[in-house]
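Structure first, commentary second.
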């Protein structure tokens, strides 16, 4: 049985993502690698994949895995994760990524440039951008 | 250099129109949860959608047929204002754009419509965009302007090829060799009635080459000494050109299954081909026709011992639409089909195969024996024949394994090289037949299946094929509104021709 089949499972991921965010907010990272390590944990928590995935960095692939896991959930619980989609042609993967960027912006008090967010297709690229923005504050 | 019809590409400009809501709110056209209703969500999501649009375009557009121009991104907000700068951005280099492909959602259809009204360019909505395709295509079309929509990228790709063919037609510049007049020969009274209308309607240009001047240029000599152009430096063949004639003769003979004519006479016909290439280049043309009977009766073809059958075959092999008998209708049909199919086409006299008292009514030597050797079919047959087949009927890029022979046109003197092609080797091949009506207002687009070739072993114009069609009576009584020669293309392109007819404002008659 999937861990997220119960609402308590969801809360666990929310708790883990909050912990990773706190760590990201308070740790003076010496290098990009160590930043990426915690950021990766944050992203996997957001994508409800923490503990399931260790070496997948592509956001689209992570989103697909996340959706696959999500759709096994009971309807009432899955609603809490999946936002309504517009008729613009947005996909779940896009939605998850955009919400992730917004969470990082708010949590770390940084501002992504809309010019390059579409090119941040992988957790390491996001880490590079976050590293750059944190160091130019 | 001759600008080939098949090199024409459609210049496509992708345009993405984003929408950014400025404030948090929800209602009948704005929905989401929490952060999805914040401004940054739209900002980042537009960025994702724009990237996906570019990816879809790169993966799905037929790059052999289109030239993708740099994409353009514009944005409006939920004030729904219409900004002049947005139009200036979208219309950048508009003179180079043949087609605009838009991606947008709700609240931007008015921009799409205004763009059509301002610039009068063909435009379309990318496939599978919720609601916008039907809303805005109908809106633009209702105003007499050109707009398209598609269910899939495959359908869009097919339409790009059709619009490319329309552009190829508009890029066609026909060199018409003339003797008596510039609009028809003494065997083609079914020619286009009004060439000025054709130029206005399709964009085709016509340039004229005097037959006698052309014939004088076949001689290698001081080009200022031609009887028809004394003192003027004409475009005569040179010694270098004669080397090319020899090279072409070597190549044709080496590839032929059988050569039933003298090499010297083959070379005389090849002189005609090489000279026509020079004159096409000199006249800025990329298509060719000449009036066979008008030229024949001068006796100069007999005197110089050539016909232009081989020129037509080789032209079509080299992506230069080229028709017999000053049949301009066929030249234009060839321009369409050679661009659309990437195959060399064939053309021929086209007649129903008729039976009287159980026996086939023989036409120009084509009779029951030739057909019976290949098939027992008797119903719904048509015969297509001319001596201008070629070696690229299966495609310009195909390494043709088709067998051909060389034989003369003239029965008595053995001059006038023709490629002889036994169409029986292509029995079962589906073909598309096309002709433009003399008033240039209709297209005849028909289908057939080759049953058997006939006449490859003979000389003269007597070679072609019998084909099976759906209904001979229906076919014939439609065909008589269009004229004799049908342009034959291997494959089924009727759907494309229906789309082309729609985009050109022509009625398409199918059979």
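Residue numbers (the numbering used here), protein chains in the order written: chain A, 1 to 137; chain B, 1001 to 1511.
Idealized CB from N, CA, C, for every residue including glycine.
Min CB distance residue i to chain A below 7 Å
| i | result |
| --- | --- |
| residue 1272 of chain B | no |
| residue 1057 of chain B | no |
| residue 1177 of chain B | no |
| residue 1043 of chain B | yes |
| residue 1110 of chain B | no |
| residue 1075 of chain B | no |
| residue 1026 of chain B | no |
| residue 1047 of chain B | yes |
| residue 1035 of chain B | yes |
| residue 1029 of chain B | no |
| residue 1105 of chain B | yes |
| residue 1442 of chain B | no |
| residue 1051 of chain B | yes |
| residue 1130 of chain B | yes |
| residue 1070 of chain B | no |
| residue 1462 of chain B | no |
| residue 1078 of chain B | no |
Cβ of residue i within 7 Å of any chain B Cβ
| i | result |
| --- | --- |
| residue 53 of chain A | no |
| residue 83 of chain A | For residue 83 of chain A, the pLDDT reaches just 44, beneath the cut-off of 50, and the residue's location in the model is therefore unreliable, although a value from the coordinates is still provided. Residue 83 of chain A counts as touching chain B. |
| residue 98 of chain A | yes |
| residue 76 of chain A | Summary for residue 76 of chain A: the model assigns pLDDT 49, below 50, so the residue's position carries little reliability, and this model does not support an answer. |
| residue 79 of chain A | Residue placement at residue 79 of chain A cannot be trusted, given a pLDDT of 46 that sits under 50; what the coordinates show is reported in the next sentence. Cβ-Cβ to chain B under 7 Å: no for residue 79 of chain A. |
| residue 33 of chain A | no |
| residue 18 of chain A | no |
| residue 117 of chain A | yes |
| residue 102 of chain A | yes |
| residue 61 of chain A | no |
| residue 88 of chain A | yes |
| residue 68 of chain A | no |
| residue 21 of chain A | no |
| residue 12 of chain A | no |
Distance between residue j and residue i (C-alpha atoms, nearest Å)
| i | j | result |
| --- | --- | --- |
| residue 129 of chain A | residue 66 of chain A | 23 Å |
| residue 46 of chain A | residue 1125 of chain B | 35 Å |
| residue 1039 of chain B | residue 48 of chain A | 25 Å |
| residue 1340 of chain B | residue 1013 of chain B | 21 Å |
| residue 1514 of chain B | residue 93 of chain A | Limits of chain B in this structure are 1001 at one end and 1511 at the other, which puts residue 1514 of chain B out of reach. |
| residue 1421 of chain B | residue 1214 of chain B | 29 Å |
| residue 1085 of chain B | residue 1076 of chain B | 11 Å |
| residue 1482 of chain B | residue 1089 of chain B | 46 Å |
| residue 1324 of chain B | residue 1183 of chain B | 14 Å |
| residue 1418 of chain B | residue 1457 of chain B | 11 Å |
| residue 1062 of chain B | residue 1497 of chain B | 18 Å |
| residue 1064 of chain B | residue 1157 of chain B | 11 Å |
| residue 1148 of chain B | residue 1008 of chain B | 21 Å |
| residue 1106 of chain B | residue 1056 of chain B | 20 Å |
| residue 1218 of chain B | residue 1234 of chain B | 11 Å |
| residue 1425 of chain B | residue 1453 of chain B | 8 Å |
| residue 1225 of chain B | residue 1212 of chain B | 14 Å |
| residue 1393 of chain B | residue 1489 of chain B | 7 Å |
| residue 1525 of chain B | residue 1390 of chain B | Absent from the model: residue 1525 of chain B. The displayed extent of chain B is 1001 to 1511, so no value can be given. |
| residue 112 of chain A | residue 11 of chain A | 28 Å |
| residue 123 of chain A | residue 133 of chain A | 15 Å |
| residue 1263 of chain B | residue 1249 of chain B | 7 Å |
Closest by C-alpha distance to residue i, when choosing among the options
| i | options | result |
| --- | --- | --- |
| residue 43 of chain A | A/118, A/30 and A/58 | A/58 |
| residue 1222 of chain B | B/1231, B/1289 and B/1299 | B/1231 |
| residue 1423 of chain B | B/1413, B/1383 and B/1464 | B/1464 |
| residue 1329 of chain B | B/1469, B/1467 and B/1199 | B/1199 |
| residue 1048 of chain B | A/123, A/69, A/28 and A/60 | A/60 |
| residue 1017 of chain B | B/1045, B/1066 and B/1029 | B/1045 |
| residue 1273 of chain B | B/1260, B/1297, B/1287 and B/1476 | B/1287 |
| residue 1122 of chain B | B/1449, B/1487, B/1240 and B/1113 | B/1113 |
| residue 1097 of chain B | B/1079, B/1120 and B/1080 | B/1120 |
| residue 97 of chain A | B/1155, B/1042, B/1459 and B/1066 | B/1042 |
| residue 1331 of chain B | B/1263, B/1436 and B/1449 | B/1436 |
| residue 1384 of chain B | B/1345, B/1069 and B/1110 | B/1345 |
Integer Cβ distance of residue i from residue j, believed to fall under 8 Å
| i | j | result |
| --- | --- | --- |
| residue 1279 of chain B | residue 1160 of chain B | Incorrect: roughly 33 Å between the Cβ atoms, too far for contact. |
| residue 1291 of chain B | residue 1186 of chain B | 7 Å |
| residue 1237 of chain B | residue 1275 of chain B | 6 Å |
| residue 1350 of chain B | residue 1484 of chain B | 6 Å |
| residue 1494 of chain B | residue 1334 of chain B | About 17 Å; that fails the 8 Å criterion. |
Chain-ordered neighbours of residue i on chain E, where CB pairs are closer than 8 Å
| i | result |
| --- | --- |
| residue 128 of chain A | Annotation note: the requested chain E is absent from the structure, which comprises protein chains A and B. |
- Which ranges does the alpha helix (DSSP H) cover as unbroken runs of at least 4 residues, wholly within the region 1356–1397 of chain B, from first to last along the chain? The region 1356–1397 of chain B contains these whole alpha helix (DSSP H) runs: 1368–1372.
- Could you tell me which uninterrupted alpha helix (DSSP H) segments, each at least 4 residues in length, are contained entirely in the region 1261–1344 of chain B, listed from first to last along the chain? Within the region 1261–1344 of chain B, the complete alpha helix (DSSP H) runs of at least 4 residues are 1263–1282, 1292–1296, 1300–1304, 1309–1317 and 1328–1341.
- Task: Can you check the region 1122–1156 of chain B for any beta strand (DSSP E) of at least 3 residues that lies completely inside it and give the ranges in chain order?
- Result: Scanning the region 1122–1156 of chain B from its first residue to its last, the whole beta strand (DSSP E) runs of 3-plus residues come out as 1123–1125 and 1147–1149.
- Message: My parser needs the beta strand (DSSP E) runs of 3 or more residues fully inside the region 1384–1467 of chain B; what are they?
- Response: List check, beta strand (DSSP E) in window: 1405–1408, 1417–1420, 1430–1436 and 1442–1454.
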